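These protein sequence lines map, in sequence, to chains U and H.
Sequential numbering from 119 applies to the first sequence in my numbering.
Sequential numbering from 2 applies to the second sequence in my numbering.
Don't be surprised by glycine CBs; every beta carbon is placed ideally from N, CA and C.
Small disclaimer: the values here were computed from a predicted structure and weren't measured.
Written out below as structure tokens is the structure these notes cover.
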Amino acid sequence: MIQFTPSTDVDFVIIGSGAAGGIMAKQLSTNGFKVVVLEQGGWGKYGKEHEYTKDEWLNDHPSPEDRLMSDPSRQRNTFRRNDKEKATSGTHSYGCVVGGGTVTYGGSSWRHLPWEFNELTHVGPIAGSGLADWPITYDELEPYYSQAEWEMGISGKRVNSPFVAPMTKDYPVPPVPLKASGALFEMGAAKLGLTVVNGPIAIISQPYMGRSGCVNCGMCSGFGCHVKARSSSAVTMIPLAIASNNCEVRVNSYVREISTDASGRVTGVTYFDKDKKEVFQKAKAVVLSANAGESARLLLMSKSARFPQGLANSSGVVGRYLMLGNTVNASGIMDQPLNDYKGVVTGAGIVDFVPSDPKRGFYGGGRMTARGFDTPISYGLRGLHPDSPKWGAGYKKALMEEANHKFTITSFVTQQPLESNRVDLDPDVKDEWGLPALRITSTSHPDDFKSMEFFRQKSIEILEAVGAKRIWAGPVSDSRGGAHNRGTCRMGNDPKTSVVNKFHRAHDVPNLFIVDGSNLVTGGRNHPTMTIQALAFRAADNIIRNARRGTLNNL
Amino acid sequence: MRPQQRSRRQFLIQSVAGLGGAWVAANYAGIMEAQAFVQQAASSGQPIKLAFLTEAQAAEVDAMAAQIIPSDATPGAREAHVINFIDRALVTFEKNQQQAYVKGLQDLDAQTKALFPAAPRFSALTSEQQIQVLTAMEKTPFFNLVRTHSVTGFFASPIHGGNYNKVGWKLVNYDDSLNHKPPFGYYDAQPLPRR
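Set out below in structure tokens:
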């Protein structure tokens, strides 16, 4: 791997190597630009993926160098419901390794639907909601969805349905198995007149681009993939970036500031290295791809005389319109075994309720996914019916009776963007590096709770339709953090109400680009990754085109 | 190094593939002992050397675990050697829980004496009496900790000392081959269309 000195004025520093950062690194470096990627996590098992453990206990207790997710005791964060509360210690966590969250995610790769780009026009204003139209259309993004699906490697099958985004090109790899939970979805859907779709998943069902197909090991979400079937940035984009000989990936690099000069241009970034020693890396431009929470926090920490509210924040919008991602779970016990621990987490979706319906009396929709996934320890500790005994002969009997018979429906539901929901800097709590902790303030819109309740009821209907016994569901609650966080640096045409323009350039800073889930104006149905990836390919295209037209200094 | 040790070391290295070198170095003794126990137990059935708990403490924890996952027609915590998992965990991943065990076992003794003043210790009670004591303690953090560790030891990979002969996995029909072909269960094996 090529190495640059900190004083080398590289073309781009990219902060983060996940869903967006990995794509930015690959696109920019293979097009001839000199790139340094700063990743706060380690390498994981990069290049020796067969060493990823499938041992559940070890995976739950990683050594510091084997961690794949951030550690809330180091990357501290706090949570409060609203401005009146004092925030208390939070459990928010995100992918923290080369490849970011894509190294361990479930891999759902749904596109946003065309009307999800202009919901405000489509629906009209909603009291208390910050719903807004995107500055781009589905048609503008569509080619980049295809590019992402083909370059990353997505398994799926194109369907013609009003509930699924139209595609000009099918998926490159056939779908993963539907699993027993998917078969139950089909049975329930046949009875209730609903539509089941094989979910598009970033796990290749067959060999593709030199990687082998999924072996259905079942130690999936939360684990690194030992056969490289999960199409993470770490096995798709980063190797190509490094092979270009234009890209250095610097791990254990915790960025604390994006630095600017008197003219307001970015000059580079300051980060802590592995030994917590400060390093300044010079750069002609910076791409911020640290995830919605961390990108916003970094901008807010990068205050200066010229940018007293934080960098790129003349609008005051940085950190706001946070969407954490609401889900609803419902489960029941089936007569026959599902063995859903085998294979990927989710194989099938019911999509009829993706659109909102005014007749329901609230705005919101969602995507229902079939699962029954339980790894053995997790099953023993938390997987049983809540009324089953917790210990003793009754517990053991329940363990045996319920094993592999659980059918769970997890719905991914709309969360509207609210101005009051946000991340900012905790005034009291510091992280392990002495920097202000991420503070999350969030309470979902009343419609979002109605959406969740709607999906709770729908899930029960489906469970009943397939003969599930001892059904349990809810009560519903909204999210307090996690890897689906979106919306804190929304894109828009108006610098007064948005942070970046339609090409991801910060309105206030000409050589700063923000490319990650923070740009999402609305959250879709809480399946963000594919849209983040498509946006990254599109952003890279425009940066490359502009940089070639002039010099980088005039970007 | 004798050949037998070498092969054991080799086995260990292979089986903990996925751990960083520094971590293995720091926790090597604990894992090594867990491994040694697994091999020794398999070959001899002799009592094992405890790493943290005293013999007397181990007998109490073992009795608790055996009530949490009892042995009946099928194996329980005892056959899974859960006590070995817990003892090893207390010098490796769960080091920070050592005091919780020391203190918790004192509470267990106090609870035992409160209900059965003549009893010498919890493990000497009848099964019904043990259940009474644990029922009185089931909301305490210590009971929850022992429950968590017992269940974890029952279902964690046998490399960690419990789940001996995969009895935990067998009890719930978990196939650990990590390589499965569809159909996986009953419902996806049914012919189409599925109604």
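Please determine, among the options, the residue with the shortest C-alpha to C-alpha distance to residue i.
i, options, result
"ILE495 of chain U", "H:ASN164, H:VAL103, H:ASP110", "H:ASN164"
"CYS365 of chain U", "U:ASP634, U:GLY139, U:SER595", "U:GLY139"
"SER569 of chain U", "U:SER226, U:ARG643, U:SER147, U:LEU581", "U:ARG643"
"SER351 of chain U", "U:GLU582, U:THR222, U:HIS523, U:VAL154", "U:THR222"
"ASP542 of chain U", "U:LYS297, U:CYS607, U:PRO455", "U:CYS607"
"SER211 of chain U", "U:LEU581, U:VAL384, U:GLU412, U:ILE527", "U:GLU412"
"ILE69 of chain H", "U:LYS514, U:GLU579, U:GLY443, U:ASP453", "U:LYS514"
"CYS335 of chain U", "U:HIS344, U:GLY328, U:ARG329, U:MET327", "U:HIS344"
"GLN534 of chain U", "U:ASN444, U:ASN611, U:THR464", "U:ASN444"
"VAL547 of chain U", "U:ASP189, U:ASN195, U:GLY434, U:LYS402", "U:ASN195"
"PRO232 of chain U", "U:ASN660, U:THR649, U:PHE655, U:ASN664", "U:THR649"
"LEU440 of chain U", "U:ILE558, U:ASP626, U:PHE480", "U:ILE558"
"ASP393 of chain U", "U:LYS460, U:THR126, U:GLN158", "U:GLN158"
"GLN575 of chain U", "U:GLY490, U:ARG478, U:GLU537, U:VAL618", "U:ARG478"
"ALA143 of chain U", "U:TRP252, U:ALA654, U:PHE567, U:ASN664", "U:ALA654"
"PRO357 of chain U", "U:ARG540, U:ILE120, U:GLY483", "U:ILE120"
"ALA521 of chain U", "H:ASN174, H:ALA111, H:SER72, H:LEU146", "H:ASN174"
"GLY169 of chain H", "H:ARG196, H:ARG79, H:VAL92, H:GLU61", "H:ARG79"
"ALA448 of chain U", "U:SER407, U:TYR389, U:GLY592", "U:GLY592"
"GLY311 of chain U", "U:ASP470, U:GLU396, U:THR209, U:ASP492", "U:ASP470"
"ALA466 of chain U", "U:TYR170, U:VAL315, U:VAL367, U:GLY160", "U:VAL315"
"ARG598 of chain U", "U:PHE281, U:ASN200, U:TRP252", "U:ASN200"
"PHE480 of chain U", "U:GLY246, U:ALA250, U:LYS346", "U:GLY246"
Assign residue i to one of three DSSP states: helix, strand, or coil.
i, result
"SER432 of chain U", "coil"
"MET119 of chain U", "coil"
"ALA26 of chain H", "With a pLDDT of 44 at ALA26 of chain H, under the threshold of 50, the modelled position of this residue cannot be trusted, and the question is left open."
"SER72 of chain H", "coil"
"PHE655 of chain U", "helix"
"GLY242 of chain U", "coil"
"PHE151 of chain U", "coil"
"MET486 of chain U", "strand"
"PHE303 of chain U", "helix"
"MET285 of chain U", "coil"
"ILE84 of chain H", "helix"
"SER45 of chain H", "In this prediction, SER45 of chain H scores a pLDDT of 49, lower than 50, which makes its location untrustworthy; no coordinate-derived value is stated."
"GLY642 of chain U", "coil"
"VAL173 of chain H", "coil"
"ALA138 of chain U", "helix"
"VAL1 of chain H", "This structure leaves residue 1 of chain H out entirely; chain H is present only between 2 and 196."
"ILE254 of chain U", "coil"
Across which residues does DSSP place residue i in a beta bridge pair?
i, result
"SER226 of chain U", "U:ILE319"
"GLY213 of chain U", "U:MET187"
"ASN195 of chain U", "U:LEU556"
"SER151 of chain H", "BP columns for SER151 of chain H are empty, so no partner."
"ALA624 of chain U", "U:VAL618"
"VAL291 of chain U", "U:SER273"
"PHE631 of chain U", "U:VAL405, U:ARG623"
"SER207 of chain U", "U:THR196"
"GLY160 of chain U", "U:VAL215"
"MET609 of chain U", "U:VAL618"
"VAL128 of chain U", "U:ALA401"
"ARG604 of chain U", "U:MET441"
"ILE160 of chain H", "Answer by DSSP bridge pairing: none, since ILE160 of chain H is not bridged."
"ILE662 of chain U", "In the DSSP output, where bridge partners are listed per residue, ILE662 of chain U has none listed."
Exercise. Along the chain, which unbroken stretches of the beta strand (DSSP E) at least 3 residues long are found entirely within the region 514-596 of chain U?
Worked result: 524-531, 540-548, 554-559, 587-591
Exercise. Going along the chain, which unbroken runs of the beta strand (DSSP E) with 3 or more residues stay wholly within the region 315-403 of chain U?
Worked result: 365-368, 372-378, 384-390
For this session: Check distances from the C-beta atoms of the region 164-178 of chain H to those of chain U and list, in chain order, the residues that come in under 9 Å.
Result: ASN164, GLY169, TRP170, LEU172, VAL173, ASN174, TYR175, ASP176, ASP177, SER178
For this session: Could you pull out every unbroken beta strand (DSSP E) segment of at least 3 residues lying fully inside the region 402-472 of chain U, listed in chain order?
Result: 444-451, 466-468
Problem set entry | Residues in the region 473-498 of chain U having any Cβ partner in chain H nearer than 8 Å | PRO494, ILE495, TYR497, GLY498
Problem set entry | Residues within the region 281-298 of chain U neighbouring chain H, beta-carbon criterion of under 7 Å | PRO295, LEU296, LYS297, ALA298
Exercise. Looking at chain H, which residues of the region 334-360 of chain U have a Cβ within less than 9 Å of any of its Cβ atoms?
Worked result: ASN334, CYS335, GLY336, MET337, GLY342, HIS344
For this session: Please name the residues in the region 510-534 of chain U whose beta-carbon is closer than 8 Å to at least one beta-carbon of chain H, in chain order.
Result: GLY510, ALA511, TYR513, LYS514, LEU517, MET518, ALA521, ASN522
For this session: Report the residues of the region 450-464 of chain U with a CB closer than 9 Å to any CB of chain H, ordered along the chain.
Result: MET452, ASP453, GLN454, PRO455, LEU456, ASN457, ASP458, TYR459, LYS460, GLY461
Exercise. Which residues, in chain order, does the region 90-103 of chain H contribute to contact with chain U at a C-beta distance below 8 Å?
Worked result: PHE94
Exercise. Taking Cβ-Cβ distances below 7 Å as the criterion, which residues of the region 153-179 of chain U are in contact with chain H?
Worked result: GLU169, TYR170, THR171, LYS172, ASP173, GLU174, TRP175, LEU176, HIS179
Exercise. Relative to chain H, which residues along the region 181-199 of chain U have a C-beta separation below 7 Å, given in chain order?
Worked result: SER181, GLU183, ASP184
Exercise. When you check each C-beta in the region 54-73 of chain H against every C-beta of chain U, which residues fall closer than 8 Å?
Worked result: GLN68, ILE69, ILE70, PRO71, ASP73
Problem set entry | Interface residues of the region 133-146 of chain U facing chain H [CB-CB below 8 Å] | none
Exercise. Mind listing which residues of the region 300-323 of chain U have their C-beta closer than 8 Å to chain H's C-betas, in chain order?
Worked result: GLY300, ALA301, LEU302, GLU304, MET305, ALA308, LYS309
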